[in-house]
Amino acid sequence: MKIAFEVNGKDAIGKLSNYYWLNKDSIFLYSYGSAKFSIVDSEGFVKKGYFIDNGKNAVRPEIDSSRPLFRFGSKIGFNCWGSEKEYYNNSSFDENAFMFFDLKNEEKQYRISYPDVYKGAIWGVQFFQFYHEFNAIDDLLVLSFPIDNDLTIYDLRNNQIRRVSTEVGRKINVEPLSYKTGKIAPDIIDEVKHQMRQDYYSFIKFDPTNNIYVRVLNKKFNNDFIDSFSGLNSVFGEYSLVFLDKDFKIFDSIDLPNNQYFLTSLFFIDGKLYLEKIQNYDEDLLVFDVFDLYGL
Numbered sequence: 001m002k003i004a005f006e007v008n009g010k011d012a013i014g015k016l017s018n019y020y021w022l023n024k025d026s027i028f029l030y031s032y033g034s035a036k037f038s039i040v041d042s043e044g045f046v047k048k049g050y051f052i053d054n055g056k057n058a059v060r061p062e063i064d065s066s067r068p069l070f071r072f073g074s075k076i077g078f079n080c081w082g083s084e085k086e087y088y089n090n091s092s093f094d095e096n097a098f099m100f101f102d103l104k105n106e107e108k109q110y111r112i113s114y115p116d117v118y119k120g121a122i123w124g125v126q127f128f129q130f131y132h133e134f135n136a137i138d139d140l141l142v143l144s145f146p147i148d149n150d151l152t153i154y155d156l157r158n159n160q161i162r163r164v165s166t167e168v169g170r171k172i173n174v175e176p177l178s179y180k181t182g183k184i185a186p187d188i189i190d191e192v193k194h195q196m197r198q199d200y201y202s203f204i205k206f207d208p209t210n211n212i213y214v215r216v217l218n219k220k221f222n223n224d225f226i227d228s229f230s231g232l233n234s235v236f237g238e239y240s241l242v243f244l245d246k247d248f249k250i251f252d253s254i255d256l257p258n259n260q261y262f263l264t265s266l267f268f269i270d271g272k273l274y275l276e277k278i279q280n281y282d283e284d285l286l287v288f289d290v291f292d293l294y295g296l
């Protein structure tokens, strides 16, 4: 099926950033550039459009494969990382890291604050952005913060937020950019190099077939490589896939070699894990390694 949408104009959706397919009559589209959320049908007809600038902290929601759109009841969830505080030394955080947009009354509700580990230091964009996954079986929103060993879990059915310790096996200790008070303005390359010198967590994915999670641990680069890094080329380091059961207990991990996979395209189908391989000889060719996780 191919659906064409208008990018500009009265009923345009803007440049597409992410989507959520509920059914043929309700396809949810989001445009970061336009701060617009649209509901369309399979014919491309725009049934309804909303402008969803996050008025509470002036940050547009950021939606991608590691921060997906999801629906719970009449509400759509949006990741609102940042709050323009990434270069400040923060002593407190408001509960505005996530926004829920109610389709019935078009009201916005804000939940979840940054964990305490972020207080008292400056972390920068690289460590301040966080990731989420939605477990539609148990209606759990699972948040992975890069510098945090633990996970933040929002039980949407019971409207309860809790922290889950996952320190067994893969504990990290990330150094901030600075402990200065106020605001800093670091060189972007220096900030990326600072990130490359450390182990940190990135996104998390849920496998509904096996009822397990995979959290990605980014491992630090070799110092010689960091010193020569200019930012002109894409680089892919070493990763570990950390496997957690339905209760968020670590039961296994797998180390992946550097420059082998595009981890951001990781996905599950029928209990199988798909990893896209980097193709140096033909970038137009899609090749996946597939791992059967059935029975884990």
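If you count the sequence shown from 1, position 192 lands on 192 in UniProt numbering, and the numbers rise without skipping.
By construction, the Cβ of each residue, glycine as well, lies at the ideal position given by its N, Cα and C atoms.
Please read all numbers here as calculations on a predicted model, not as lab measurements.
Item	Value
Alpha carbon of G271 to alpha carbon of V40, nearest angstrom	30 Å
Alpha carbon of Q195 to alpha carbon of E106, nearest angstrom	39 Å
Assigned exposure category for E133 - 16 Cβ within 10 Å defines buried	buried
C-alpha gap between F78 and N210, whole angstroms	26 Å
Selected residue, minimal CA-CA separation from F128, among K108, K277, Y201, S42	Y201
DSSP beta-bridge partners of F134	L141
Residues near Q160 in its chain [Cβ-Cβ closer than 6 Å; skip 5 each side]	none
The stretch 110-126 contacting the stretch 79-96, beta-carbon criterion three pairs below 8 Å	yes
First and last residue of the uninterrupted alpha helix (DSSP H) at N23	Here N23 belongs to no alpha helix (DSSP H); instead the beta strand (DSSP E) covers 18-23.
Within 7 Å, strictly: CB atoms of F203 and S113	no
Sub-7 Å separation of R162 and D150 beta-carbons	no
Rounded straight-line distance, which links the Cα of I278 to that of D207	23 Å
Separation of F288 from W81, as counted between CA atoms	31 Å
Per DSSP, cross-strand counterpart(s) of S42	Answer by DSSP bridge pairing: none, since S42 is not bridged.
DSSP-derived helix/strand/coil call for S240	strand
K193 CB to nearest heavy atom of the ligand ATP below 6 Å	The ligand ATP is absent from the structure shown, which contains no ligands of any kind.
Candidates D227, D255, Q109, of which the one nearest E238 by Cα	D255
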